[in-house]
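Residue numbers (my numbering): 13 to 272.
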């Protein structure tokens with residue numbers, strides 16, 4: 013059975029397909045996820061990508077058999093292995109298409125990195141979350157840039173250090189997820205978000221992602237201000253920028269909607 017299933021459409025869906033191991037990932041899953049998001053990110057048909065999972069858990073982190081193999085790795089082999097995980101997270105995080113995590117079950121350890129690397133996250137209300145690494149004598153190094161960015165440093169201080177399990181409501185409170193719904197409402201909420209993304213200007217959404225990466229956490233200084241001034245001037249002069257403003261003034265749909 014393939015580690016992933018991929019549906020390519022205007023809204024593409026990448027589904028973790030290893031329910032028998034709670035969608036834990038290994039080197040094969042990491043390679044497939046990296047390839048899938050890189051390809052979908054460059055696919056002109058695709059406007060947004062949903063990361064989903066089959067079975068009762070969204071992702072339980074690292075596969076146990078993979079962990080057994082890693083236990084005998086040399087330092088050099090561990091470096092290579094961690095670099096591949098880091099590259100997967102980077103590819104998801106920097107994907108030019110907006111990404112939405114559809115969380116239907118529990119998220120543990122490295123799975124937290126998958127959620128954090130996505131732009132948005134919608135969680136079922138029964139899902140639990142845990143950064144469990146310190147219980148195993150490890151720490152969440154590779155996923156930390158994304159998880160800290162997603163939940164904030166203050167929450168990370170607690171959940172990285174204690175390895176406490178927390179529920180979806182707490183995930184919402186700390187900003188790790190954006191919406192919490194019942195299981196029967198999960199697809200409708202994901203559809204609501206992806207519909208909003210598809211209705212927006214494709215170029216503006218792509219540029220917005222770059223803007224967020226450039227601006228978040230930076231000091232507001234002359235260099236940053238100059239960067240944002242250049243950004244708004246450039247997008248105003250772009251084809252979609254001009255079309256969006258003109259369609260608004262003329263009370264008509266912009267051409268990216270008229271063609272869809």
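In this text, a Cβ means the ideal position worked out from N, Cα and C, and glycines have one as well. This one's a predicted model, so the numbers in the text were calculated from it and none came from an experiment.
Endpoints, the beta strand (DSSP E) within which residue i is located
i	result
residue 19	16–19
residue 23	23–28
Helix, strand or coil at residue i [DSSP, three-state]
i	result
residue 232	coil
residue 272	For residue 272, the predicted structure reports a pLDDT of 48, less than 50, and the residue's modelled location is therefore unreliable. A value from the coordinates is still provided. If DSSP states are grouped into helix, strand and coil, residue 272 belongs with coil.
residue 172	helix
residue 71	strand
residue 199	helix
residue 206	helix
residue 177	strand
residue 186	coil
residue 56	coil
residue 36	coil
residue 264	coil
Residue range of the alpha helix (DSSP H) that includes residue i
i	result
residue 46	39–53
residue 94	87–105
residue 62	Counting along the chain, residue 62 falls outside any alpha helix (DSSP H), though it belongs to the beta strand (DSSP E) covering 60–65.
residue 257	251–261
residue 227	214–227
residue 81	76–82
Beta carbon of residue i nearer than 9 Å to that of residue j
i	j	result
residue 240	residue 223	yes
residue 118	residue 69	yes
residue 154	residue 101	yes
residue 189	residue 133	yes
residue 211	residue 261	no
residue 192	residue 183	yes
residue 202	residue 62	yes
residue 20	residue 52	yes
residue 26	residue 56	no
residue 253	residue 213	yes
residue 108	residue 54	yes
residue 265	residue 131	no
residue 17	residue 206	no
Does the region 21–40 come within contact of the region 71–85, defined as at least 3 CB pairs closer than 8 Å? yes
Taking contact to mean at least 3 C-beta pairs separated by less than 8 Å, is the region 135–145 in contact with the region 96–103? no
Which residue spans inside the region 108–163 form an unbroken beta strand (DSSP E) run of at least 3? 111–115, 118–120, 132–136, 140–142
Please confirm if the region 118–136 is in contact with the region 75–91, defined as three or more CB-CB distances below 8 Å between the two stretches. no
Count Cβ pairs between the region 168–178 and the region 247–254 that sit closer than 8 Å; are there 3 or more? no
Contact between the region 210–217 and the region 178–197: three or more CB pairs below 8 Å? no
Measuring CB atoms only, is the region 149–165 touching the region 106–114, in the sense that at least three cross pairs come out at less than 8 Å? no
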